[in-house]
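Participant: Taken in sequence, the protein lines are chains Z and R. As numbered in numbering that gives the first Met the number 0, the first sequence has no gaps in its residue numbers, which increase by one up to the final residue, 321. As numbered in numbering that gives the first Met the number 0, the second sequence has no gaps in its residue numbers, which increase by one up to the final residue, 65. Every residue, glycine too, gets a C-beta built ideally from N, C-alpha and C. Have a look at the structure that comes next, please.
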Amino acid sequence: MTRSLTLPAPRGPVSSAVLEALRGGSVPAVEPADPYGDDLQLALHCCYELHYRGFPGVSPDLEWDPALLGLRRDLERTFLAALRAAVPAGDDVDAEVEALLVEPVGPQVRGVSHHLQRAGELWQLREYVTHRSIYHLKEADPQAWVIPRLSGAAKAGLVTVEHDEYGGGRPDHMHAALFADMMRELDLDDTYGAYVDRVPGATLAEVNLMTLCGLHRELRGASVGQFAMVELTSSPGSDRLVRGMRRLGCGPAAIRFYDEHVEADAVHEQVVRRSVLAPLLAAEPELAESVVFGIRASLHLGERLGDHLLGCWERGESSLLP
Amino acid sequence: MPERTHVTLTEEGPALVTGPVEVELPDGERVRSDRPVTALCLCRRSRRYPLCDTSHRTKVRVKEES
Ligand code: FES
Ligand SMILES: [Fe+2]
Ligand SMILES: [Fe+2]
Chain Z
0 MTRSLTLPAP RGPVSSAVLE ALRGGSVPAV EPADPYGDDL QLALHCCYEL HYRGFPGVSP
60 DLEWDPALLG LRRDLERTFL AALRAAVPAG DDVDAEVEAL LVEPVGPQVR GVSHHLQRAG
120 ELWQLREYVT HRSIYHLKEA DPQAWVIPRL SGAAKAGLVT VEHDEYGGGR PDHMHAALFA
180 DMMRELDLDD TYGAYVDRVP GATLAEVNLM TLCGLHRELR GASVGQFAMV ELTSSPGSDR
240 LVRGMRRLGC GPAAIRFYDE HVEADAVHEQ VVRRSVLAPL LAAEPELAES VVFGIRASLH
300 LGERLGDHLL GCWERGESSL LP
Chain R
0 MPERTHVTLT EEGPALVTGP VEVELPDGER VRSDRPVTAL CLCRRSRRYP LCDTSHRTKV
60 RVKEES
């Protein structure tokens, strides 16, 4: 987890332009690209990575390079406009939360964790973990951006959950560390960024949404909404993954990550609802629309990725890039 | 005065207890939780009893492929 890789390979003109700039070149003008496509999402991922761990050999100074930030802003606007067009607006946070707390059950439910529980094969589980590694090796980091943008009770509530995500002060309990343990047990490379070149735009888009909402104060409601969506839905999904992994005979270090999330997120759900959403909306009711946008946009991107995975697997194909 | 332990009884599910806790079950088994908040199952449906695993949630049976 300490090593980190070289720059990813470009996937079109926009990501080429960003990678060119990261190598020290000037930022060329680029035409707008498909908002969810590989090219734009990789370009955005690379821009954002400067704010996280950076890339070896890339000047940390580029994090605040005006030309690169200008390009990033164009990409963000394109991405955001597509999301706003894709999800209906709303401001009834309670109704969104209620809906997330109803659990669809039965053999007909379509979903990645449902499939992995019932019939998934080990290669599919390993692919799933590979996709998830883009986020989980920096688990909780994108949401940490929102902390200074909150105040009072909502801030304290969010930090309570974040503290738990970061292992409650024990580095080996950090969820990112548990994820790396799982990757190693599944014979995957747990190097930060190792699989960026292998995952499609649909995977990068989910994480890019988190960073986008975290880095823009204007989107702080959406950041909390995205966080709430994950915390509210993770516990039952994690339970399905634990059962799938047991069925596949995975080892204890592999099972531990999702096993921990069954229990942790049953608590996080409660804290997010009572100690984050409730005080946030009491203090700033005008954020309701942004919160709903965060919930719906993250669900929308999650569904797109889920469709990609299940579609590939139904055809017996890999969901990863070659 | 020691600080009081805060317990929240939720409408739909668990009791939320602040601070590290040790729960003793009728058979003498002790379950520890060091989280800042622990959710204790009151619905008795949890597969991780005495800890809540969200099994208290309303379930809807899906008839056709969703
Ligand atoms: S109260 Fe949540 S599972 Fe029983
Ligand atoms: Fe976590
Ligand atoms: Fe969590």
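#1: Measure from the C-beta of Z/E268 to each C-beta in chain R and report whether the shortest distance is under 9 angstroms.
#2: Is the beta carbon of Z/E205 within less than 8 angstroms of some heavy atom of ligand 2?
#3: Let me make sure I understand the geometry here. Which of Z/D264, Z/V270, Z/S14 has the alpha-carbon closest to that of Z/H382?
#4: Check whether the segment 231 to 250 of chain Z and the segment 109 to 116 of chain Z touch, using three or more Cβ-Cβ pairs below 8 angstroms as the test.
#5: Just checking R/S45 against ligand 1 - is the residue's beta carbon closer than 8 angstroms to any of the ligand's heavy atoms?
#6: Could you tell me which residues DSSP pairs with Z/A28 in its beta bridges?
#7: Quick check: the segment 278 to 295 of chain Z against the segment 153 to 160 of chain Z, are at least 3 beta-carbon pairs closer than 8 angstroms?
#8: Taking the straight line between their C-alpha atoms, what separation do you get for R/L15 and Z/R242?
#9: By DSSP, does Z/S58 sit in helix, in strand, or in coil?
#10: With distances taken from CA atoms, which of Z/Y35, Z/Y47, Z/L68, Z/T5 is nearest Z/P27?
#11: Taking C-alpha atoms, which residue in Z/G36, Z/D91, Z/L79 lies nearest to Z/A277?
#12: Please say whether Z/L21 and Z/L325 have beta carbons closer to each other than 9 angstroms?
#13: Taking Z/S317 as the reference, give the member of Z/Y35, Z/Q40, Z/E120, Z/H215 with the closest Cα.
#14: Is it right to say Z/S58 is buried, meaning 16 or more other beta carbons lie within 10 angstroms of its own, or is it exposed?
#15: For the segment 20 to 39 of chain R, list every residue whose C-beta sits within 7 angstroms of some C-beta in chain Z, in sequence order.
#16: Measuring only from the beta carbon, is Z/G236 closer than 8 angstroms to any heavy atom that is part of ligand 1?
#17: Determine which residues of the segment 98 to 109 of chain Z have a Cβ less than 9 angstroms from any Cβ of chain R, and write them out in chain order.
#18: Sorry if obvious, but does the Cβ on Z/L323 come closer than 8 angstroms to a heavy atom of ligand 1?
#19: Any residues in the segment 7 to 20 of chain R with a beta carbon nearer than 9 angstroms to a beta carbon of chain Z? Which ones, in chain order?
#20: Hey, would you say the C-beta of R/H55 is under 8 angstroms away from at least one heavy atom of ligand 1?
#21: Rounded to a whole number of angstroms, what is the C-alpha to C-alpha distance between R/V6 and R/P13?
#22: Alpha carbon to alpha carbon, how far is Z/R216 from Z/Q142?
#23: Can you find at least 3 beta carbon pairs, one from the segment 101 to 108 of chain Z and one from the segment 161 to 179 of chain Z, that sit closer than 8 angstroms?
#24: Count the other CB atoms, across all protein chains shown, that sit within 10 Å of the CB of Z/R2; report buried if there are 16 or more and exposed otherwise.
#25: What does the alpha-carbon distance come out to for the pair Z/R183 and Z/D189?
#26: Leaving aside the five residues before and after Z/W122 along the sequence, list all residues of the same chain whose C-beta is less than 6 angstroms from its C-beta, in chain order.
#27: Tell me, please, whether the segment 36 to 54 of chain Z touches the segment 191 to 210 of chain Z by the rule of three or more beta-carbon pairs shorter than 8 angstroms.
#28: Using the rule of at least 16 other Cβ atoms within 10 Å of the residue's Cβ for burial, across every protein chain shown, is Z/P321 buried or exposed?
#29: So is Z/V229 buried or exposed if we call it buried at 16+ other beta carbons inside 10 Å?
Facilitator: For this structure:
#1: Yes, Z/E268 lies at the interface with chain R (some Cβ there is under 9 angstroms from its Cβ).
#2: Z/E205: no, Cβ never under 8 angstroms from ligand 2.
#3: No answer is possible for residue 382 of chain Z: it lies beyond the span of chain Z, which begins at 0 and ends at 321.
#4: Touching, yes.
#5: In this structure, the C-beta of R/S45 approaches ligand 1 to less than 8 angstroms from one of its heavy atoms.
#6: Z/A28 is not bridged to any residue.
#7: Contact between the segment 153 to 160 of chain Z and the segment 278 to 295 of chain Z is present, because at least three Cβ pairs lie under 8 angstroms.
#8: Cα-Cα distance, rounded: 26 angstroms.
#9: Shown here, Z/S58 sits in coil according to DSSP, grouped into three states, outside any helix or strand.
#10: Of Z/Y35, Z/Y47, Z/L68, Z/T5, the residue nearest in Cα terms is Z/L68.
#11: Distances from the alpha-carbon of Z/A277 to those of Z/G36, Z/D91, Z/L79 put Z/D91 closest.
#12: Any answer about residue 325 of chain Z is impossible in this case: the structure gives chain Z only from 0 up to 321.
#13: Checking every option, the nearest Cα to that of Z/S317 belongs to Z/E120.
#14: Here Z/S58 is exposed, its C-beta having fewer than 16 other C-beta atoms within 10 Å.
#15: Cβ contacts with chain Z: D33, R34, P35, V36, T37, A38.
#16: Every heavy atom of ligand 1 is 8 angstroms or more from the Cβ of Z/G236, so no.
#17: Taking 9 angstroms as the Cβ-Cβ cut-off against chain R, the residues of the segment 98 to 109 of chain Z that qualify are L100, V101, E102, P103, V104, G105, P106, Q107, V108, R109.
#18: Summary: the structure shown does not reach residue 323 of chain Z, with chain Z confined to residues 0 through 321, and so no result is reported for it.
#19: Those residues of the segment 7 to 20 of chain R that come within reach of chain Z (Cβ to Cβ, closer than 9 angstroms) are T7, T9, E11, G12, P13, L15.
#20: Because some heavy atom of ligand 1 lies under 8 angstroms away, the Cβ of R/H55 counts as near it: yes.
#21: One C-alpha to the other measures close to 10 angstroms.
#22: Roughly 12 angstroms separates the two Cα atoms.
#23: Remark: fewer than three beta-carbon pairs, one from each stretch, lie closer than 8 angstroms, so the segment 101 to 108 of chain Z and the segment 161 to 179 of chain Z are not flagged as touching.
#24: With a pLDDT of only 48 at Z/R2, under 50, the local geometry of the prediction cannot be trusted, and no value is derived from it.
#25: Roughly 6 angstroms separates the two Cα atoms.
#26: No residues qualify anywhere along the chain.
#27: Touching, per the Cβ criterion.
#28: When all chains shown are included, Z/P321 counts as exposed.
#29: Counting C-beta atoms within 10 angstroms of its own C-beta, Z/V229 has 16 or more neighbours from the protein chains shown and is therefore classed as buried.
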